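To start, the structure itself, in structure tokens.
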Amino acid sequence: MTHPTADLTISEPVSIETLRDVVAIDGPSGAGKSTVARGLARRLGCPYLDTGAMYRAVTWYLLQRDACDFADGSSVAPLLGALDIALDAEGRVTVSGRDVSSHLRSHEVERRVSAVSALSVVRKRMRELQRAMAEHGLLVAEGRDMGSVVFPAANWKFYLDAAPSERARRRQADFLAQGREVSQDDVLEEILVRDRLDSTRPDAPLTCAEGATRIDTTSMGVDEVIEHLARIVERERT
Ligand code: DC
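With the sequence shown counted from 1, adding 4 to any position gets you the numbering used here.
Right under this line is the structure:
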């Protein structure tokens, strides 16, 4: 199962009102969105869209071009025309055919991604691409603005949250699994900075969308959350 490869020059506007067969999952970093969304998509037999990975891939791309010290989006806009991002069902991300998955959680990308994703010119391109990916049937999409901006007509909207200390613990475990040792305090600080930047930017800030079901995953296991969401979606799809 692969996502359609699409370049960022898509010009066909997609009517967002028609994009209903979507499970939109939003929430802050470390709330368990990626793991839950991937597991839920597997269970429902549909593709999974990790929009955070897309913003990370753009950040990586701009870092490669020394284009991350921008004052506004005007210096970045010309670079986006040549950008081609593709994601596959295993979560691998390619930029112009190159697999960049192993770079997406580097310290540099982590540090810059909130600033890059705050640029309206970047968000507009990402929205087009994300909506194009929802035109082919049921999709589980996770990020910060799935239910509020990208798929406001989604049939299912969830907002996953967890206590900051638990989010930092999970994130630290992810890093350890990738061979990166970071203290929980450092991870917590990084998470809190990103939460603040992501939820205070003017364009599509992190928010619990209207009509979304809020779920506190602090003391829930991943399988439990997936089961909970799957039951809701399956009940309403049949
Ligand atoms: O989910 P994540 O940690 O991989 O996301 C990385 C960054 O991308 C996050 O700090 C904010 C940004 N992002 C966004 O602005 N909108 C989205 N839909 C998804 C992620």
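Even for Gly, the Cβ is constructed at its ideal location relative to N, Cα and C.
Fair warning: this is a prediction, and the values are worked out from it, not measured in the lab.
For H111, the closest of F179, R171, L164, T22 by C-alpha to C-alpha distance is F179. Approximately 6 Å separates the beta-carbon atoms of R24 and A158; this is inside 8 Å, confirming the contact.
A Cβ-Cβ contact shorter than 9 Å links D165 with I219. Two segments are said to touch when three or more pairs of C-beta atoms, one from each, lie closer than 8 Å; by this definition the region 210 to 230 touches the region 30 to 40. When the beta-carbon positions are compared, D30 and A216 come within less than 9 Å of each other. Buried is the label assigned to S152, since at least 16 other Cβ atoms lie within 10 Å of its Cβ. In the DSSP assignment, G147 falls within the unbroken beta strand (DSSP E) covering 143 to 147.
Short of 7 Å from the beta carbon of S118, and not among the five residues preceding or following it, lie these beta carbons of its own chain, in chain order: R198, L201, D202. The Cβ neighbour count for P82, taken over all protein chains shown within 10 Å, is under 16; the residue is labelled exposed.
Rounded to whole angstroms, the gap between the alpha carbons of W64 and S106 is 11 Å. By the neighbour-count criterion, in which 16 or more other beta carbons inside 10 Å mark a residue as buried, P206 falls on the exposed side. Runs of the beta strand (DSSP E) lying entirely within the region 85 to 155 and spanning at least 3 residues, in chain order: 88 to 91, 97 to 99, 143 to 147.
Going by DSSP, F162 is part of the beta strand (DSSP E) stretching over 160 to 165. Going by C-alpha positions, G147 is about 10 Å away from V154. For the ligand DC, no non-hydrogen atom lies closer than 8 Å to the CB of A61. Between R60 and R102, the CB-CB gap reaches or exceeds 9 Å.
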